[in-house]
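A.B. asks: Note that my numbering has the sequence shown beginning at 73, numbered continuously upward. Cβ coordinates follow ideal geometry from the N, Cα and C atoms, glycine included. In this text the structure is predicted, and so the values were computed from the model without any measurement. Below is one structure. I have some questions about it.
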Amino acid sequence: MRSVSRVVLIVIVVLLLIGVIAPLAQTYVAYRELVVEELMIRRIGIDVMAKEIILELIVRMRNPTSYSIEADVFYADMYFDEEYLGYIERASIIIPPGVSEVSFHAKIEMIKIPRMVLRMISEGQGRLRLKGYVMVPVKLYGMIRLFSIQVPFEVEKELSR
Numbered sequence: 073m074r075s076v077s078r079v080v081l082i083v084i085v086v087l088l089l090i091g092v093i094a095p096l097a098q099t100y101v102a103y104r105e106l107v108v109e110e111l112m113i114r115r116i117g118i119d120v121m122a123k124e125i126i127l128e129l130i131v132r133m134r135n136p137t138s139y140s141i142e143a144d145v146f147y148a149d150m151y152f153d154e155e156y157l158g159y160i161e162r163a164s165i166i167i168p169p170g171v172s173e174v175s176f177h178a179k180i181e182m183i184k185i186p187r188m189v190l191r192m193i194s195e196g197q198g199r200l201r202l203k204g205y206v207m208v209p210v211k212l213y214g215m216i217r218l219f220s221i222q223v224p225f226e227v228e229k230e231l232s233r
C-alpha cells in the first residue's frame, strides 16, 4: 500500500515538474532567441484637433524557435536621438516562428516636432529609437500562468533628409 502511494506521489511530482520545466525551457529559449530586428515607418498622419502627429510604425521580429511565442505586452519608449517622444504599447501578441511584423500607432505631441525638424535640417539625419521589452508569460501546461519574463530589446531607424 505504501509503495503504491509512493509511486502515485512520484508520478504526480514528475508530471508537475514536466508542466513547469517544459514551458520554462521554452520561455528561456524565447528570452535568448527572440529578436526585434527592424523598425519601419509606414505612414505619418496629423491630428490637428489633438495637436499630435500619428506615426504608424512596423516592428519586424524574428522568432527562431519552432513554436509560436505568446506575448502579454509589447512596450517601448520612443526617442528621436536622445529626446523622449512617447511610448507604444500593445497587448496580446502572438509571434509565430520565423519573421513577423507587428504594427503600432504612436502619437507625438506637435510641440516636439519643430526641434526634430530643426535637428534634421542642421545635421541632415536623425535616429528614431525604440527601447523596451516584450513580456512573455510562463504557464503551467500552457494554461495556468506562473510568472512572466521581460525580454528587453532596442531597435533604431536612421532617418535622413
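Is DSSP giving Y159 helix, strand or coil here?
C.D. replies: Y159: strand per DSSP, three-state reduction.
A.B. asks: Am I right that V171 and I165 are in contact with their C-beta atoms under 8 Å? What's the rounded C-beta distance?
C.D. replies: Not really, about 14 Å apart at Cβ, beyond 8 Å.
A.B. asks: Who pairs with Y205 in a beta bridge, going by DSSP?
C.D. replies: Y147 and P224, per the DSSP bridge assignment.
A.B. asks: Quick check on DSSP: helix, strand or coil for E195?
C.D. replies: It is helical.
A.B. asks: Is it buried or exposed for S176, if we count other Cβ within 10 angstroms and need 16 for buried?
C.D. replies: Here residue 176 is Phe; the residue named in the question, Ser, does not match the sequence. With 16 or more other Cβ atoms within 10 Å, it is buried.
A.B. asks: Since I84 contacts I125 with CB under 8 Å, what's their CB separation in whole angstroms?
C.D. replies: Not a contact, Cβ separation roughly 57 Å.
A.B. asks: Which one of I90, E128 and E105 has the shortest CA to CA distance from R115?
C.D. replies: The residue with the shortest Cα to Cα distance from R115 is E128.
A.B. asks: Using the Cα positions of P169 and V76, report the straight-line distance between them to the nearest angstrom.
C.D. replies: The straight-line gap from Cα to Cα measures roughly 43 Å.
A.B. asks: Determine the burial state of I113: buried for a count of at least 16 other Cβ atoms within 10 Å of its Cβ, exposed for fewer.
C.D. replies: Exposed.
A.B. asks: Would you mind reading off the limits of the beta strand (DSSP E) that contains K179?
C.D. replies: Unbroken beta strand (DSSP E) run through K179: G170 to E181.
A.B. asks: Buried or exposed: where does L88 fall if 16 or more other Cβ atoms within 10 Å of its Cβ makes it buried?
C.D. replies: The residue is exposed, with fewer than 16 neighbouring Cβ atoms inside 10 Å.
A.B. asks: On a Cα-Cα basis, can you pick out the residue from I183, E161 and G196 that is closest to A122?
C.D. replies: Among I183, E161 and G196, the Cα nearest to that of A122 is on I183.
A.B. asks: Please state if the CB of R134 and the CB of V107 are separated by a distance shorter than 8 Å.
C.D. replies: A contact, by the Cβ cut-off of 8 Å.
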